[in-house]
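Enquirer:
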Amino acid sequence: MTLKEFSITASGQASAGAVAFRVTNAGTMIHEFDIYKSSLPIDKLPLDSSQQVDEGSPQVETIEASEPIAAGTTVNIVATLKAGHYYLVCNQPGHYALGMRLDFVVG
Ligand SMILES: [Cu+2]
3 MTLKEFSITA SGQASAGAVA FRVTNAGTMI HEFDIYKSSL PIDKLPLDSS
53 QQVDEGSPQV ETIEASEPIA AGTTVNIVAT LKAGHYYLVC NQPGHYALGM
103 RLDFVVG
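Per my numbering, numbering through the sequence shown is continuous, rising by one, with the last residue being 109.
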């Protein structure tokens, strides 16, 4: 996974179970790596007043929420995922709306 201003890109595939993500912040500012599940379209998640995805909304299930990831660093994150459709998001204020969101399917 690569995070930068303002995109998330992925390579590789995931099967249900413990999924390991190697997340590199290749940008120049702090980013995050969050995994959500929702029945809403990826561009229609509810936002709070800080222009962050509202993780308290009943329409958003937060599977994983990383600590802030500094520019130029790489972190390893393991999440236990069932087969299904997830959204990978950076939830620093405004970044979701600027395009830091990605569909992710676990087979
Ligand atoms: Cu970001």
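All C-beta atoms in this analysis are idealised placements derived from N, C-alpha and C, irrespective of residue type, glycine included.
Taking only the alpha-carbon atoms, compute the straight-line gap between Q54 and D105 and give it to the nearest angstrom.
Expert: Roughly 18 Å separates the two Cα atoms.
Enquirer: What does DSSP give as the partner residues of G86 in its beta bridges?
Expert: Answer by DSSP bridge pairing, in chain order: V108.
Enquirer: For T30 and I79, I'd like the C-alpha separation in whole angstroms.
Expert: If you take the alpha carbons of T30 and I79, they lie about 21 Å apart.
Enquirer: For Y89, which residues of its own chain have a beta-carbon under 8 Å away from its beta-carbon, when the five flanking residues on both sides are left out?
Expert: Correct list, in chain order: I37, Y38, K39, S40, I44, L47, R103, L104, D105 and F106.
Enquirer: If you measure from each CB to the nearest heavy atom of ligand 1 and keep those under 5 Å, what residues do you get, in chain order?
Expert: Counting every residue whose Cβ lies closer than 5 Å to a heavy atom of ligand 1, we get H33, C92, Q94, H97 and M102.
Enquirer: Taking only the alpha-carbon atoms, compute the straight-line gap between E69 and I10 and give it to the nearest angstrom.
Expert: For E69 and I10, the distance between alpha carbons rounds to 16 Å.
Enquirer: Kindly provide the ranges of any beta strand (DSSP E) runs that are 3 or more residues long and lie completely inside the stretch 23-72, ordered along the chain.
Expert: Taking only runs of at least 3 residues, the beta strand (DSSP E) segments lying wholly in the stretch 23-72 are 36-39 and 63-67.
Enquirer: Taking C-alpha atoms, which residue in H97, M3, E66 and G109 lies nearest to L32?
Expert: The residue you asked about is not Leu; residue 32 is Ile in the sequence shown. The option with the nearest alpha carbon to I32 is H97.
Enquirer: Name, in chain order, the residues that DSSP records as bridge partners for T11.
Expert: T11 is bridged to T4.
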